[in-house]
Amino acid sequence: MKKKMVAAFQTARKIVLVFAGMSGVRLDRGKILLIWIPLAIISYLLNQIVYIKNWWLPYVIFCWAFYYVGNPLILSTPIRSWMIRKLGEEKAYSIYEILLGLMFMNSAFAIAQFTVAHPNTFNIAPIIAWIISVIVFVVSFGSKFWATWLTGLDIYYYKDLFLNKKTGKFIQSGPYRIFKNPMYGIGYLYGYLGALIIQSKEGLIFVAICHASIYIFYYLIEQPFVRRTYLSSSNSL
Numbered sequence: 017m018k019k020k021m022v023a024a025f026q027t028a029r030k031i032v033l034v035f036a037g038m039s040g041v042r043l044d045r046g047k048i049l050l051i052w053i054p055l056a057i058i059s060y061l062l063n064q065i066v067y068i069k070n071w072w073l074p075y076v077i078f079c080w081a082f083y084y085v086g087n088p089l090i091l092s093t094p095i096r097s098w099m100i101r102k103l104g105e106e107k108a109y110s111i112y113e114i115l116l117g118l119m120f121m122n123s124a125f126a127i128a129q130f131t132v133a134h135p136n137t138f139n140i141a142p143i144i145a146w147i148i149s150v151i152v153f154v155v156s157f158g159s160k161f162w163a164t165w166l167t168g169l170d171i172y173y174y175k176d177l178f179l180n181k182k183t184g185k186f187i188q189s190g191p192y193r194i195f196k197n198p199m200y201g202i203g204y205l206y207g208y209l210g211a212l213i214i215q216s217k218e219g220l221i222f223v224a225i226c227h228a229s230i231y232i233f234y235y236l237i238e239q240p241f242v243r244r245t246y247l248s249s250s251n252s253l
């Protein structure tokens, strides 16, 4: 009985950690949370101010560039190696990890801001929109959560890419047996649902731009790294 309770607690804990990590805060990161959580709170409050002041356009542009330009810039230029050389792997990655979490969080806020600024620009029966949204959310978020559960938050936060070395196993089970890229493919679709529910054509277009942006990152930076590090004959598992 005690073993079952411990196992249940560990499972519940992992669910919370994975969900929070996907949202932009890694609750398993110890002391750096003293910096990370206040910055996350500031990001949320800034998002609220942007909504109240109707500053959505510069905010959206900044958030898109922060994630979809900033992250590739760090990972594909000497910035990454300079950080590691100056600070050491652990401290450099901790700083990058916080930045990346804020990128995740603020990119989601940007989608919400853009969508809310352009409501009711196409027509669909609300009941149809909600039915589609529930089905897509279960499949899409479920696939992404499952993929993150299997690969771990270190991979979700690009630890291997940042350190330029293998930091885990190459996963081919779970959703990876069904979908080629459950993180960026099926796992990104729930990002469209807010725009669908409030019937924002512009919101759908902006999410599509973000979706295309993450695929550009994948094909130019992440996929070559994965092939070189995990799939080459010398590194095959």
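All residue numbers for the sequence shown refer to the numbering used here, where the first residue is 17 and numbers rise by one.
Cβ coordinates follow ideal geometry from the N, Cα and C atoms, glycine included.
Roughly how many angstroms separate the alpha carbons of residue i and residue j, rounded to a whole number?
{"i": "L89", "j": "E106", "result": "20 Å"}
{"i": "I143", "j": "V154", "result": "17 Å"}
{"i": "V150", "j": "N197", "result": "21 Å"}
{"i": "I31", "j": "M17", "result": "21 Å"}
{"i": "I114", "j": "K69", "result": "27 Å"}
{"i": "I225", "j": "K47", "result": "36 Å"}
{"i": "G203", "j": "Y234", "result": "14 Å"}
{"i": "I53", "j": "V34", "result": "16 Å"}
{"i": "N87", "j": "I171", "result": "14 Å"}
{"i": "W80", "j": "L50", "result": "26 Å"}
{"i": "N139", "j": "I147", "result": "15 Å"}
{"i": "I237", "j": "L91", "result": "8 Å"}
{"i": "G201", "j": "A163", "result": "12 Å"}
{"i": "V66", "j": "G158", "result": "31 Å"}
{"i": "G104", "j": "I58", "result": "28 Å"}
Could you tell me if residue i is buried or exposed, where buried requires 16 or more neighbouring beta carbons within 10 angstroms of its beta carbon?
{"i": "L209", "result": "buried"}
{"i": "T27", "result": "exposed"}
{"i": "S250", "result": "Residue placement at S250 is flagged as unreliable, the pLDDT there being 45, under the threshold of 50; a coordinate-derived value is accordingly withheld."}
{"i": "K160", "result": "buried"}
{"i": "V223", "result": "buried"}
{"i": "T93", "result": "exposed"}
{"i": "S156", "result": "buried"}
{"i": "G184", "result": "exposed"}
{"i": "R243", "result": "exposed"}
{"i": "L247", "result": "exposed"}
{"i": "R29", "result": "exposed"}
{"i": "M21", "result": "exposed"}
{"i": "F25", "result": "exposed"}
Given a cut-off of 9 Å on the beta-carbon distance, is the pair residue i and residue j in contact?
{"i": "F82", "j": "N122", "result": "yes"}
{"i": "F125", "j": "Y173", "result": "no"}
{"i": "Y112", "j": "R96", "result": "yes"}
{"i": "M169", "j": "S189", "result": "Before going on, a small fix: residue 169 reads as Leu here, not Met. No; because the gap between Cβ atoms is not below 9 Å, this pair is not in contact."}
{"i": "L118", "j": "A23", "result": "no"}
If I measure Cβ to Cβ from residue i and keep anything under 7 Å in the same chain, skipping five residues before and after, which residues do I get?
{"i": "Y109", "result": "K175, F178, L179"}
{"i": "V152", "result": "L205, Y206, L209"}
{"i": "P240", "result": "none"}
What residues in its chain sit with their C-beta under 6 Å from that of residue i, if we drop five residues either side in the sequence?
{"i": "L116", "result": "Y173"}
{"i": "F120", "result": "G40"}
Identify, in the order they occur along the chain, each residue of the same chain with its Cβ nearer than 8 Å to the Cβ of residue i, setting aside the five sequence neighbours on each side.
{"i": "A145", "result": "L212, I213, Q215"}
{"i": "H134", "result": "S216, K217, E218, G219"}
{"i": "L43", "result": "V32, L33, A36, G37, L49"}
{"i": "R45", "result": "W52, S110, E113"}
Closer than 8 Å is the cut-off here; do at least three beta carbon pairs connect the stretch 211 to 222 with the stretch 182 to 196?
no
Below 8 Å, can you find three or more Cβ-Cβ pairs linking the stretch 121 to 140 to the stretch 67 to 81?
yes
Three or more C-beta pairs under 8 Å: does that hold for the stretch 30 to 38 against the stretch 87 to 104?
no
Under 8 Å: do the stretch 223 to 232 and the stretch 167 to 187 share three or more Cβ pairs, one atom per stretch?
no
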